[in-house]
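One structure below.
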Amino acid sequence: LATRLTDYQQAVAAGRWAQAKQFCLLDFPIVELEGKTLGMLGHGELGGAVARLAEAFGMRVLFGQLPGRPPREDRLALDELLPQVHALTLHCPLNDNTRNLIGARELALLRPGAFVINTARGGLIDEQALADTLRSGHLGGAATDVLSVEPPVNGNPLLAADIPGLIVTPH
1157 LATRLTDYQQ AVAAGRWAQA KQFCLLDFPI VELEGKTLGM LGHGELGGAV ARLAEAFGMR
1217 VLFGQLPGRP PREDRLALDE LLPQVHALTL HCPLNDNTRN LIGARELALL RPGAFVINTA
1277 RGGLIDEQAL ADTLRSGHLG GAATDVLSVE PPVNGNPLLA ADIPGLIVTP H
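Residue 1304 in my numbering sits at position 148 of the sequence shown, and the numbers go up by one each step.
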């Protein structure tokens, strides 16, 4: 997401690289991770590994408090976490407390240009809200390898071809 992979892929497919006057395209600014803030929801084995990688890239890592869990001093309330982060990554289970944890309201709380990554479970993010927020240009991009129904069914809002900055792969 930070390297604007989808934008560059579309530019290459449209023939813009072939028309370039130099060996590369520099049309889309790349986001440097150093000095940025990563927000994490869930901190199990995989979440911990992601946190260590983010710190190795020079990112500050903040953890959000999951609903239904006992409060912890080292966790921020979701409404406090979201406006601070440049990227949000989900590593939590899907249950009654976390279903649609991230909806239109939460996506709007993220700073403009933020990235959203879900490699945990489908159903944690309201898929229609994510598609709409990406189309609005508020987010810098999103990536997921999980959907609310897998394999996906026709009509899943994240499978539409007109969503900018979205990467969807199988889990």
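All C-beta atoms, glycine included, are put in the ideal place defined by N, C-alpha and C.
Computed from a predicted structure; not experimentally measured.
If you check the CB distance, residue 1274 and residue 1241 do not come in under 8 Å. For residue 1197, there is no enclosing alpha helix (DSSP H); the enclosing beta strand (DSSP E) covers residues 1193-1197. Here the alpha carbon of residue 1163 sits roughly 9 Å from the alpha carbon of residue 1183. At a Cβ-Cβ threshold of 8 Å, residue 1212 and residue 1194 do not count as neighbours. Per DSSP, the unbroken alpha helix (DSSP H) holding residue 1291 starts and ends at 1283-1292.
Taking C-beta separations shorter than 7 Å and ignoring five residues to either side along the sequence, the partners of residue 1285 in its chain run 1259, 1260, 1263, following chain order. Runs of the beta strand (DSSP E) lying entirely within the region 1227-1251, each at least 3 residues long, are 1243-1246 in chain order. DSSP lists 1271 as the beta-bridge partner residues of residue 1297. Beta-carbon to beta-carbon, residue 1283 and residue 1312 are separated by about 7 Å, close enough to satisfy the 8 Å threshold.
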